[in-house]
Every structure is written in structure tokens, then in C-alpha cells.
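Colleague:
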Amino acid sequence: MYCCRRWIMAKAKNKIRVNFCGENAREVTGSMTHIVMSNHEILLECGLYQSNSPREDYKVNSQKFPFKVRDIDYIFLSHAHIDHSGLIPKLYAQGCKAKIICAKGTKDLFKVLALDSAYIINRDCEFLNKKYKMKASPFYTEDDVYTALKYVQEYEYGELVQLADDISVRFVPSGHIIAAAQIELWLTEGNQTKKILYTGDLGNSIPKYYVTPFEPVQKANLAICESTYSDAIRQVTKKDRTTDLWKINTVVKEVCQDKNGKVLFPTFSLDRTQNMLTFLYDMFGHDENFKVPILLDSPLASKLTGTYLKLLKGEDRKRLEDALIWNNVTIVDTYEDSQSWQRMKKPMIILAASGFMQAGRSRSWAKTILPDSKSHIIFIGFATDGSLSGKLRQAKTKTITIDGKAYANRCGITTLHSFSSHIQHDEMLKYYSEIICEKICLVHGEYKSKCAFGKELQEEINKKNKTNKVVVANKSTSLLI
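Under my numbering, the first residue of the sequence shown carries the number 169, and numbering increases by one thereafter.
(1) Checking the sheet assignment: what are the DSSP bridge partners for GLY580?
(2) So, is LYS258 buried or exposed, given that buried needs 16 or more other C-beta atoms within 10 angstroms?
(3) Excluding five sequence neighbours on each side, which residues of the same chain lie with their C-beta closer than 8 Å to the C-beta of ASP126?
(4) Tell me whether the beta-carbon of LEU625 lies closer than 9 Å to the beta-carbon of VAL611.
(5) Ordered along the chain, which non-local residues of its own chain (more than five positions away) have a Cβ less than 7 Å from that of ARG487?
(6) Quick one: give me the first and last residue of the beta strand (DSSP E) that LEU245 is part of.
(7) For the alpha helix (DSSP H) that THR446 lies in, which residues bound it at each end?
(8) Taking the C-alpha atoms as reference points, what is the distance between GLU191 and CYS609?
(9) In chain order, what are the residue ranges of uninterrupted alpha helix (DSSP H) at least 4 long that sit wholly in the region 334-405?
(10) Which value, in whole angstroms, describes the spacing of the CA atoms of LYS573 and THR567?
(11) Assign ARG529 to buried or exposed, taking buried as 16 or more other Cβ atoms, counted over all protein chains shown, within 10 Å of its Cβ.
(12) Looking at the secondary structure, which residues open and close the beta strand (DSSP E) in which PRO434 lies?
(13) Roughly how many whole angstroms lie between the Cα atoms of ALA641 and MET451?
(14) Give me the residue from GLU327, GLY263 and GLU224 with the minimum Cα distance to LYS236.
(15) To test your reading of the DSSP string, which unbroken beta strand (DSSP E) runs of 3 or more residues are found completely within the region 502-574?
(16) Does the Cβ-Cβ distance between ILE518 and PHE433 come in under 9 Å?
(17) Taking Cβ positions, are ASP412 and SER586 nearer each other than 9 Å?
(18) Pick out the complete alpha helix (DSSP H) segments inside the region 579-622, 4 residues or longer, and give them in chain order.
(19) Leaving out the 5 sequence neighbours to the left and right, which residues in its chain are closer than 6 Å to ALA248 when beta-carbon positions are compared?
(20) What whole-angstrom Cβ distance do VAL340 and VAL385 have, given they're in contact under 8 Å?
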């Protein structure tokens, strides 16, 4: 039966309560789940809420936690993306002393992203105070990031770790990004041990560089599962990846070599930048006649690429090193250098963050490239409808307004879907319907799509004569196991 449970706070003997208190209960951001045992309180992640509005982000992220911060004993983190980790320093700003438990490699990535987040939070507060006459103050600082880092404990994939008499954990590759993991959590209450599977964000079967392939988990009492791309309309295959790589090759040659134009890839700093740089090297790195400059124009992506080199070993490390030392590649450090490149009338390829183009150098590059009919923007990642990236994909108008100024909309636009880091609908349906469990709770998805997928998943489970119950989470959902 397709069902939903309301948040009931009363304690039950020998039961574990799971409260879906984060924004990921109803959206694709702000991951946080609160688990209450008789002897411990646990968080599954503590992520930053991210929208297209600094004002809305501040309103959500600065609000009081729905639990006592000092009562939290453990925080389990599936991966470093800021919508999963970005509110962790706020906990330590308020006196938290919980151990942060994650897969090996996550700490170094979290450090880079959290420090960048602290900078952005401070900058956004200054903006809000100036524009809206607010009295916004940062809910954490760099010092709080460094405090949180002292509590991080990392473990290898597949290592079964007993953290306390009643808590054990194991990390299983999720296939999402480097160091990302599903979390298997064994919790003992009274004389009963219950297992929670938390998928975090799952990758798909399309090959990616620098990512340990996804491994399925077979059993749990409760499976908490992401549903980012649960919409059945959205499905990509390995054939789509081959086609998309051909499209990139074709656009680059036509724009940069035939028209002397520019190609901009708005990219996410973590994972997408490193993968796309490697794909470009695979395409053109061995062609001595290919002289087009390739710019890595994102300070955050550059820092994270350095972290990749620290984490990678063997063939993976050599592959990324080869791409970085390619003569065509230039790492653009300063804003002034970026502006200088933007003024140049010559062909080039630019990898610039952010992927949503809401901030960062990709937004600045858009002002140069949009009016140029010889140039092109290639989108390779998800974007919300309200972001600049989302608007450009849908734009049918002759002008686009950026930062209060109208720009002619003349450049070419290509949108590719096969580079997603998330599991797709069909794979999701197959995996979740095969897990042996009592309940499957869907989180981290747009609510309408999540509800439709929940019904479809329940039907698939019923066809297999299984008794799993599908729960579609919202922010009032609470489960007892």
C-alpha cells in the first residue's frame, strides 16, 4: 500500500524514531534526517538549502534546528556536496561535539567546499543587509568549518565499523561522485537490531571517470532513497552518452575552428569540471593540429582538482594529470585574468562555474558569449528553471537580462543530458524494487514527481509479491522502526 506517516513525537519502547526534518523531505536540496534512539541521537547529513534566491536561502538556513544540537552524537555523511554537508559547520558554531562519520576521501573535499560556503554566506549577508536593510549575520564562519573538521572520521568502502555498542556502520559505493557512499547503519534498541540503508545520491550506469562504480545493497529494515530523477520522462542511456560526445566534438570544431568563436561549458566545480576536462583531452589531446586554448576558469574547481590529485591513485591520477599538463589547458587564477581572456577576440573553450550561472565566472562569460552569433554554450548539468542556465535553455526571446542589463541572445545553445551524476528512472525503479525491506522512504526529489514514482514503485513491488511499503516523505513525516 502506498502510504505516508505523520510526525508523532511520542517515544515507543524498543523503537527507533526517524524524523524527516530536512528540506530534502520535499525538495532536491537541504538533506537532513534526525534519528532518535534511547541512548543516542543521530543525523543523516546536514545540508545547505540552495535555491535561486539568497534571501530565501538565508531565511531557511538560518532558522533554528528542530532538535537540541548538543544532543547529537553522530553525523553520517554520504558525500561532500554542499546540499548534503553545508550546514554541518553551523552545528559546531552552536556547540555540537558529534563525530562526523564518512567514507575515505570525503574530508578533504568537504574542507574545500565548506570554506567556500562560509565565504559565500558572509558575502550574501552583506548583500542582503545592503539591498534589503536586513540584519543578517553569518550562521557560521571559517573557524566553525575548522572546528567541524576536527571531528571527522573516515573509513574505507566495505569496512564494517562498530562505533558504539548499539551503532555500527558500513559505506558502500554509490557511484555518484568521488568518495560518495551509501550508508548501511545498524542500530540496536533493546534486544532488537534494525538496519537503515541511506542511499545518499546514487550514480547511474553510464561510465564516468574518477568514480567507484555503484554497488547495490540487498537488505534493510528501512531504506531511505533519493528520487532526484524519478520522473519517467527523463531517461538517458550509454548510447545517449556516445551521441553527446559526438555533439561536443562537432560543436567545438564548427565553432572554434571554422568560425573562430568560443564554447562555454557552465560546469559544477566538483566532478563535472574534472570529467569534462578529461573528455576534452580524450577528444583532442592527441591531435597536434588542435591549438584551441582550454580555460579552467573557476577558483573553486581548481582547488578541488588539486584535491582530486591528492585522492586519486594509479591510472586515474595519471589520466587527470595528463589532461592538466596538456599544452592547451590554462588555469585562470584571478578575476582580472578572467576578464582579460573575455576581452580576447580568439577561439577558446571555457570550463567555468557555476553550473547554474547564478554566480561565478560562468555568469560573467555569458555576458560576452550571448551576443556573439559565432559562439556557443553547452549545458551538461541540471539547472533549475529559475536559474540563468534554466532560462537560457528555454529562452525564445531576442534578449536576456543579466544583473539588470539586457544582452542580445544570438549564440548557439546545446543542452546535453547524459553527463548527469544521478541514477535515472528505470535503474531507480529496478534497484529499489529489489531491496528486501519493510519500508522504502523517498526523499531528495520534487514532490509531484516523487509521488508519481512512489505509486509506480509500489506497483512494481506488488508485482513481485513483496510486502515493502513505500512512503513519500514530507517535512511532517516520522517513522518508527
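Glycine residues also receive a C-beta, built at the ideal position from the N, C-alpha and C atoms.
Remember, it's a predicted structure, so these values are computed and weren't measured experimentally.
Modeller: To lay it out plainly:
(1) Locating residue 580 in the sequence shown gives position 412, counting from the first residue. According to DSSP, which records beta bridges pairwise, GLY580 is partnered with HIS544.
(2) Position 90 of the sequence shown, counting from 1, holds the residue named residue 258. With 16 or more other Cβ atoms within 10 Å, it is buried.
(3) Lying outside 169 to 649, the shown extent of the chain, residue 126 is not represented and no answer is given.
(4) On the sequence shown, position 457 is the one that residue 625 refers to. On the sequence shown, position 443 is the one that residue 611 refers to. Not a contact, by the Cβ cut-off of 9 Å.
(5) Looking up residue 487 in the sequence shown gives position 319. Here the set comprises TYR377 and THR446.
(6) The sequence position of residue 245 within the sequence shown is 77, counting from 1. Annotation for LEU245: the continuous beta strand (DSSP E) segment containing it runs 242-245.
(7) Here residue 446 is taken as the residue at index 278 of the sequence shown, counted from 1. Residues 440-452.
(8) Against the sequence shown, residue 191 aligns to sequence position 23. Against the sequence shown, residue 609 aligns to sequence position 441. Computed Cα separation, rounded: 15 Å.
(9) List check, alpha helix (DSSP H) in window: nothing returned.
(10) As a working mapping, residue 573 is identified with position 405 in the sequence shown. As a working mapping, residue 567 is identified with position 399 in the sequence shown. Distance between the alpha carbons of LYS573 and THR567 is about 10 Å.
(11) Translated into the one-based positions of the sequence shown, residue 529 becomes position 361. ARG529 comes out buried.
(12) Translated into the one-based positions of the sequence shown, residue 434 becomes position 266. Counted as a single uninterrupted DSSP element, the beta strand (DSSP E) harbouring PRO434 occupies residues 430-434.
(13) Counting from 1 along the sequence shown, the entry for residue 641 is found at position 473. Counting from 1 along the sequence shown, the entry for residue 451 is found at position 283. Looking at the two C-alpha atoms, the distance is approximately 43 Å.
(14) Numbered from its first residue, the sequence shown carries residue 236 at position 68. Among GLU327, GLY263 and GLU224, the Cα nearest to that of LYS236 is on GLY263.
(15) 516-520, 544-547 and 567-570
(16) Position 350 of the sequence shown, counted from the start, is the residue given in the question as residue 518. Position 265 of the sequence shown, counted from the start, is the residue given in the question as residue 433. Closer than 9 Å, so yes.
(17) Residue 412 sits at position 244 when you count from the first residue of the sequence shown. Residue 586 sits at position 418 when you count from the first residue of the sequence shown. In contact: ASP412 and SER586 (Cβ atoms closer than 9 Å).
(18) 593-602
(19) Numbered from 1 along the sequence shown, position 80 holds the residue referred to as residue 248. Hits under 6 Å: THR274, LEU277, PHE278 and LEU281.
(20) The residue you call residue 340 lines up with position 172 of the sequence shown. The residue you call residue 385 lines up with position 217 of the sequence shown. With 8 Å as the limit, VAL340 and VAL385 qualify as a contact, their Cβ atoms being about 6 Å apart.
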